[in-house]
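A.B. asks: Handing you a structure now.
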Amino acid sequence: MAERDNIPRLGSKPGYEVWFLTFTDPATGQGFWIRSTITNPSGDDGSQPRPVAWFARFDPGDPDRTFGVHRLGSTTSAAAGDDGGFEARVDGTLMASGMADGTIDGGGHEVSWSLTWPTGPDTYRPLPDWMYRGGMAPTKPYSPNVQTTVSGTLSVDGERLDVREAPAQQGHLIGKRHAERWAWAQCGSFDGASAVVHAITAQSRRGRLRTPFVTSIGVLWDGRWIRMSKSSRRRDFGLGAWKIDLGNGRYRLTGRVEAPARDLIRARYEDPDGAPRYCHNSEIASSRLVLFEKTTGAFEEVALLESRGTTHAEWAGLTPAAEVPHEHQDVTPPAAAT
Numbered sequence: 261m262a263e264r265d266n267i268p269r270l271g272s273k274p275g276y277e278v279w280f281l282t283f284t285d286p287a288t289g290q291g292f293w294i295r296s297t298i299t300n301p302s303g304d305d306g307s308q309p310r311p312v313a314w315f316a317r318f319d320p321g322d323p324d325r326t327f328g329v330h331r332l333g334s335t336t337s338a339a340a341g342d343d344g345g346f347e348a349r350v351d352g353t354l355m356a357s358g359m360a361d362g363t364i365d366g367g368g369h370e371v372s373w374s375l376t377w378p379t380g381p382d383t384y385r386p387l388p389d390w391m392y393r394g395g396m397a398p399t400k401p402y403s404p405n406v407q408t409t410v411s412g413t414l415s416v417d418g419e420r421l422d423v424r425e426a427p428a429q430q431g432h433l434i435g436k437r438h439a440e441r442w443a444w445a446q447c448g449s450f451d452g453a454s455a456v457v458h459a460i461t462a463q464s465r466r467g468r469l470r471t472p473f474v475t476s477i478g479v480l481w482d483g484r485w486i487r488m489s490k491s492s493r494r495r496d497f498g499l500g501a502w503k504i505d506l507g508n509g510r511y512r513l514t515g516r517v518e519a520p521a522r523d524l525i526r527a528r529y530e531d532p533d534g535a536p537r538y539c540h541n542s543e544i545a546s547s548r549l550v551l552f553e554k555t556t557g558a559f560e561e562v563a564l565l566e567s568r569g570t571t572h573a574e575w576a577g578l579t580p581a582a583e584v585p586h587e588h589q590d591v592t593p594p595a596a597a598t
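Using this note's numbering, the first residue of the sequence shown is number 261, and each one after it goes up by one.
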């Protein structure tokens, strides 16, 4: 059961844990990003855990309607469910096996959601298996529901949206600290092609040294996962653009993932010690990827995977990008923020 990879693991240890849902509504083209996060501080200064509920909407038709809000919670719980699933609560929000409900008000916005999705297929692990052993990776990502569909309702500033089987994915992360820099992308809604692509590239720090960028990409094609990975000192991405070119001997994937600055929202993350990372996220990014297979000594194209506004992607690092016009707003009430 893939939901075992959603079960909370952090407990009281220093670190952070995240459950998130991303999807793009096929009827309107709007993208959505919903997260529940818990950060346990490091050190002995008496700091309390920081549970935060996040919501973002991306509107390709009117970038002025793109926004993100998040709220620090005063209460939180995260536990395994009686049915083998999980649930994580941050004040008025719930992220659980196959469902998400919540409300966030503030910053001039009022939002609520009640969504469900089918669960069940095996978890997809974005990183190579060796990186899940011990402390090899500062963050361990899991995709218990890497290819699913979301249905339900959202209300955004008085506008109701009925969502019906929107291509989606739900993920879970647990770590001691964030990577130094990373890019991430996922898409299960390509033009005329049945496939899923899940891609991540990240650089971490070990002591004073930065590691190479480890890139790991999986393509679900013709009913099976094709895994490709590489390690390089060269960074293949910049803000809103990621050039992809890697293979595994039998297959090769080339192409781009991209989003203009107007379709990004800048969010400030914090490590358990308070060190910041800046994530620039879009749920309406695009991608154009070509999958090649080696036959009789030469690579031949077997799939053209094009996505226009249905790729979920982010670019993150140590500094905020000033050219991104949208910033996640902290709408925590003053009494709760102290």
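The C-beta atom is built at its ideal place from N, Cα and C for all residues, glycine as well.
1. Starting from W377, follow its DSSP beta bridges and name the residues at the other end.
2. According to DSSP, is G560 part of a helix, a strand, or is it coil?
3. Near H588, which residues of its chain fall below 8 angstroms by C-beta distance, leaving aside the five closest residues on each side in sequence?
4. Check E263 in the structure and name its three-state DSSP category.
5. Report all residues from its chain with a CB closer than 7 angstroms to the CB of S476; omit the five preceding and five following residues, and keep chain order.
6. Taking DSSP as the reference, what is the three-state secondary structure of A287?
7. Just grab the DSSP bridge partners of T413 for me.
8. Using only CA atoms, which one of G507, T409, K273 lies nearest to W377?
9. Going by CA-CA distance only, name the one from W444, G467, W481 that's closest to G498.
10. Determine the DSSP secondary structure at R568, reduced to helix, strand or coil.
11. Check whether the Cβ of M355 lies closer than 7 angstroms to any heavy atom of the ligand PLP, and answer yes or no.
12. Hey, would you say I298 sits closer than 8 angstroms to T353, going by beta carbons?
13. Please confirm whether V456 and L549 have their CB atoms less than 8 angstroms apart.
14. So, at 7 angstroms on beta carbons, what are the nonlocal neighbours of H369 in its own chain, with the 5 sequence-adjacent residues on each side left out?
C.D. replies: Straight from the coordinates:
1. Bridge pairing for W377: absent [DSSP].
2. It is worth fixing the name first, because residue 560 is Glu in this sequence and not Gly. In the structure shown, E560 adopts extended strand secondary structure according to DSSP, grouped into three states.
3. So the list reads W314, A316, G328, V329, H330, I525, R526, A527, R528, once near-sequence residues are dropped.
4. Helix, per DSSP.
5. Short of 7 angstroms from the beta carbon of S476, and not among the five residues preceding or following it, lie these beta carbons of its own chain, in chain order: P386, L387, P388, I460, S489.
6. The answer is coil: DSSP assigns A287 none of H, G, I, E or B.
7. As a beta-bridge residue in DSSP terms, T413 pairs with S374, D422.
8. Closest by alpha carbon: T409.
9. Considering only alpha carbons, the answer is W444.
10. Looking at R568 - three-state DSSP - the assignment turns out to be strand.
11. This structure lacks the ligand PLP, and indeed carries no ligand of any kind.
12. In this structure, T353 does not lie closer than 8 angstroms to I298 by Cβ.
13. The answer is no: Cβ separation not under 8 angstroms.
14. Cβ neighbours of H369 within its own chain (closer than 7 angstroms, five residues either side excluded): F327, V329, D417.
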